[in-house]
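Using the numbering used here, you'd call the opening residue of the sequence shown number 37 and step up by one each time.
Beneath this line is the structure, given in structure tokens, with notes to follow.
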Amino acid sequence: MTITLAEIKDELTPAMAELHEVVGSDMLVKIMERFGGSELYVQQLPSSLIVRLYCDGSPESVRALARRYGRTTKTLYAALRRKTTATTTISLFDKQKKD
Numbered sequence: 037m038t039i040t041l042a043e044i045k046d047e048l049t050p051a052m053a054e055l056h057e058v059v060g061s062d063m064l065v066k067i068m069e070r071f072g073g074s075e076l077y078v079q080q081l082p083s084s085l086i087v088r089l090y091c092d093g094s095p096e097s098v099r100a101l102a103r104r105y106g107r108t109t110k111t112l113y114a115a116l117r118r119k120t121t122a123t124t125t126i127s128l129f130d131k132q133k134k135d
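Written out as structure tokens, the structure reads:
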């Protein structure tokens, strides 16, 4: 038996109603069938992924992304420095390009 959202719409908690707005009816019913009754923690988007959005050409500034994802600009700039350092570090043993 498949449960439809119309059957349970009046019984949704505020959090579930908000989740419904984000994922839609079909996905909400699947989530409820799979995880109903359990406590589910949904982590924040990792800082490294927010930085990747920025580096991949997001039109938003670091400050706007920090605000959007509930982070501080300091946290995102630190993650950006780690990413930049990790991709631009050259080992003494790396071959240098000749012009």
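Backbone N, C-alpha and C fix where the C-beta goes; we use that ideal spot for every residue, glycine too.
Note that the coordinates shown come from a computational prediction; the quantities given were computed from them, not determined experimentally.
Any alpha helix (DSSP H) of 4 or more consecutive residues that is wholly inside the region 54 to 81: Taking only runs of at least 4 residues, the alpha helix (DSSP H) segments lying wholly in the region 54 to 81 are 61 to 71.
Closest residue to G106 among E57, P82, S74 and I44 (Cα-Cα distance): Counting from 1 along the sequence shown, the entry for residue 106 is found at position 70. Nearest C-alpha to G106: P82.
Three-way DSSP call (helix, strand, coil) for R99 in this model: Counted from its first residue, the sequence shown places residue 99 at position 63. It is helical.
Cutoff 7 Å; reference A114; Cβ partners in own chain excluding five residues on either side: Here residue 114 is taken as the residue at index 78 of the sequence shown, counted from 1. For A114, where only same-chain residues beyond five positions count, there are no Cβ hits under 7 Å.
Cβ-based neighbour list, L55, same chain, cut-off 8 Å, excluding 5 preceding and 5 following: Locating residue 55 in the sequence shown gives position 19, counting from the first residue. Close CB contacts of L55 within its chain, under the 8 Å cut and outside five residues either way in sequence, are with L64 and I67 (chain order).
Distance between Q80 and D62 (C-alpha atoms, nearest Å): Numbered from 1 along the sequence shown, position 26 holds the residue referred to as residue 62. Numbered from 1 along the sequence shown, position 44 holds the residue referred to as residue 80. Note on geometry: alpha-carbon atoms of D62 and Q80 lie some 23 Å from one another.
Beta-carbon proximity list for D135, same chain, < 8 Å, skipping 5 on both sides: Taking the first residue of the sequence shown as position 1, residue 135 is located at position 99. Its pLDDT being 49, under 50, D135 is placed unreliably by the model, and the measurement read from it follows with that caveat. Hits under 8 Å: none found.
Same chain, Cβ closer than 8 Å to S94, five either side skipped, listed in chain order: Taking the first residue of the sequence shown as position 1, residue 94 is located at position 58. Taking S94 as the centre and dropping the five residues before and after it, the same chain places the C-beta of L101 closer than 8 Å to its C-beta, in chain order.
Residue from I86, T121, K119 and D46 whose Cα sits closest to the Cα of R104: For the purposes of this step, residue 104 is taken as residue 68 along the sequence shown, with counting starting at 1. For the residues I86, T121, K119 and D46, the minimum Cα distance to R104 belongs to I86.
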